[in-house]
Amino acid sequence: MSLKYVLLGFLTYGPESGYSLRKRFFQPGMPKLSQVYRTLKEMAVEGLVTSTREQQEKRPARNMYCLTKKGKAEFQRWMAGAWKVAPVKERLVLKLSFASQVKKKAIIAGMDNFIKVKKEELAYYETEARKHIEKTALGRDNLDRFYWELVLDFLVRRCKAELEWAEEAMQKIVNGSLPRVAASNAQGGKGLKKQRTRP
Numbered sequence: 114m115s116l117k118y119v120l121l122g123f124l125t126y127g128p129e130s131g132y133s134l135r136k137r138f139f140q141p142g143m144p145k146l147s148q149v150y151r152t153l154k155e156m157a158v159e160g161l162v163t164s165t166r167e168q169q170e171k172r173p174a175r176n177m178y179c180l181t182k183k184g185k186a187e188f189q190r191w192m193a194g195a196w197k198v199a200p201v202k203e204r205l206v207l208k209l210s211f212a213s214q215v216k217k218k219a220i221i222a223g224m225d226n227f228i229k230v231k232k233e234e235l236a237y238y239e240t241e242a243r244k245h246i247e248k249t250a251l252g253r254d255n256l257d258r259f260y261w262e263l264v265l266d267f268l269v270r271r272c273k274a275e276l277e278w279a280e281e282a283m284q285k286i287v288n289g290s291l292p293r294v295a296a297s298n299a300q301g302g303k304g305l306k307k308q309r310t311r312p
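At position 122 of the sequence shown (counting the first as 1) the number is 235 in this note's numbering, and the numbers step up by one without a gap.
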């Protein structure tokens with residue numbers, strides 16, 4: 114996720130403070146407030162946003178950020194670009210590739226943590242994220258909610274698929290259900306080592 118373009122997208126709805134922009138994120142692992150302000154500062158240097166000081170009654174003054182013409186054009190350019198599918202960069206996938214080199218209990222612990230995190234993520238999407246959309250959608254165009262619901266549906270489905278795969282993979286790892294070497298390879302291969310597992 115490019116934080117810059119997410120912030121540009123949020124600001125297409127109108128001026129906002131860094132704090133209010135941070136509250137718009139409903140995905141787990143959302144950026145820290147310091148990251149939001151740092152990115153907004155970089156965007157201001159690029160001429161994508163402007164910042165004005167706004168006084169508040171009984172509250173400290175706050176900086177309000179607004180898109181410039183350049184910022185609007187950059188957002189439109191990004192939206193019009195090819196919707197590329199990024200390659201898989203999951204740390205879990207990388208670690209599983211070398212799982213035969215460590216003890217099984219370390220792999221089980223890692224998988225168990227992955228399953229726990231995915232369950233928490235799914236629960237968040239189905240409760241807090243849905244409430245966030247309902248609250249944010251109040252007074253807005255129904256088209257906004259329509260697309261937000263599509264995004265949430267994607268996140269829920271992906272999370273469920275990852276969780277289903279992880280639970281099946283964990284079962285195979287615990288039971289030692291390793292793939293069999295094809296008979297033709299086993300017979301024809303020279304110096305083929307016996308498949309091994311670490312306890």
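Just so it is clear, CB atoms sit at the ideal spot from N, CA and C, and this is done for glycine as well.
Treat the numbers as computed from the prediction; the structure is a model and nothing was measured.
Helix, strand or coil: how does DSSP classify residue 177 here? strand
Boundaries of the alpha helix (DSSP H) in which residue 287 is found, first to last residue: 255-288
Can you pull the DSSP bridge partners for residue 151? Looking at the DSSP assignment, residue 151 forms no beta bridge with any residue, so it has no partner.
Does the pairing of the region 116-129 with the region 180-197 give three or more beta-carbon distances under 8 Å? yes
Go to residue 167, then tell me how far its beta strand (DSSP E) extends in each direction, as first and last residue. 162-169
Considering only the beta carbon of each residue, do residue 265 and residue 242 sit closer than 8 Å? yes
Would you tell me roughly how many angstroms separate the C-alpha atoms of residue 280 and residue 262, rounded to the nearest one? 27 Å
Separation of residue 117 from residue 138, as counted between CA atoms: Going by the C-alpha atoms only, they are around 13 Å apart.
Between the alpha carbons of residue 136 and residue 246, how many angstroms are there, rounded? 12 Å
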